[in-house]
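Student:
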Amino acid sequence: MRNPGSFLGIALILLGVVLFTARLFNLDTWAIFWPLALMAGGLWIILRPNFAPDGTNVRFRFIGEIDRYGDWQVNDEETSFFVGDADLDLTSADIPEGETHLRYMGFVTNVKLRLPDDVGLQVRSGSFVTDASLFGIDFDRVFSPLEYTSENYRDASRKIDLEVNSFVTELAARHV
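Count the sequence shown with this note's numbering and you get residues 2 to 177, in order.
1) Buried or exposed for P5, going by 16 or more other Cβ atoms inside 10 Å?
2) Taking its Cβ as the centre, do 16 or more other Cβ atoms sit within 10 Å of M40, making it buried, or is it exposed?
3) Going by DSSP, what residue range makes up the beta strand (DSSP E) through E152?
4) Tell me whether T80 is buried or exposed, calling it buried when 16 or more other Cβ atoms sit within 10 Å of its Cβ.
5) Across which residues does DSSP place S81 in a beta bridge pair?
6) Below 7 Å CB to CB, which residues in the same chain sit around D62 once its five sequence neighbours on both sides are set aside?
7) Given a cut-off of 8 Å on the beta-carbon distance, is the pair V124 and L135 in contact?
8) Taking a contact to mean a Cβ-Cβ separation below 8 Å, would you say P117 touches V177 in this structure?
9) Please report the distance separating the alpha-carbon of L37 from that of D72.
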């Protein structure tokens, strides 16, 4: 989903439908909700890699860290966590020309980026709670998506498109 608010909107609508149906037919709400949530989570894990564009590195980690420093190749990637931390130092990395897509999804997600001055950054966060510090500007969002584009994004030859969808997100980005 391109719009980060879509994921949250659909989740809230589905939860509302389950709660409304349970109330309407006098059913035990949680006896319905949790099995449906587990089935949806299982389907998501099974089908998710098929939704990613070709050439995208897709990973699932229940609890994990991604730490990348030094000389490494930046490619399109998509990672799903339950609880995850991504610490990416792009200052010495090989960032290709054009736009590189990084997508992180989970329940609790923490993403830290260090970028060279000539790399543009676009951020979209569709999270229930987002706490972000992007190039010295602080953002706090609750039930509201965050969209940010760095001043140099439009004119930069190398661009990072970061999308984070989770329940709680902490983001930090700075130029080095």
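For each residue, glycine too, the CB sits at the ideal point set by N, CA and C.
Tutor: The answer reads as follows:
1) As a working note, residue 5 is residue 4 in the sequence shown. Confidence at P5 is low in this model, with a pLDDT of 49, below 50, so its placement is unreliable and no value can be given for it.
2) Locating residue 40 in the sequence shown gives position 39, counting from the first residue. So M40 counts as exposed.
3) Numbered from 1 along the sequence shown, position 151 holds the residue referred to as residue 152. First-last for E152: undefined, no H or E at that position.
4) As a working mapping, residue 80 is identified with position 79 in the sequence shown. That one is buried.
5) The residue labelled residue 81 in the question sits at position 80 within the sequence shown. S81 is bridged by DSSP to F61 and M106.
6) As a working mapping, residue 62 is identified with position 61 in the sequence shown. First, the amino acid is wrong: residue 62 is Arg here, not Asp. Closer than 7 Å at Cβ, skipping near neighbours: T80, F82 and G85.
7) Here residue 124 is taken as the residue at index 123 of the sequence shown, counted from 1. Here residue 135 is taken as the residue at index 134 of the sequence shown, counted from 1. Yes, the Cβ-Cβ distance between V124 and L135 is below 8 Å.
8) Your numbering for residue 117 matches position 116 in the sequence shown. Your numbering for residue 177 matches position 176 in the sequence shown. Yes, the Cβ-Cβ distance between P117 and V177 is below 8 Å.
9) Numbered from 1 along the sequence shown, position 36 holds the residue referred to as residue 37. Numbered from 1 along the sequence shown, position 71 holds the residue referred to as residue 72. In a straight line, the C-alpha of L37 is about 44 Å away from that of D72.
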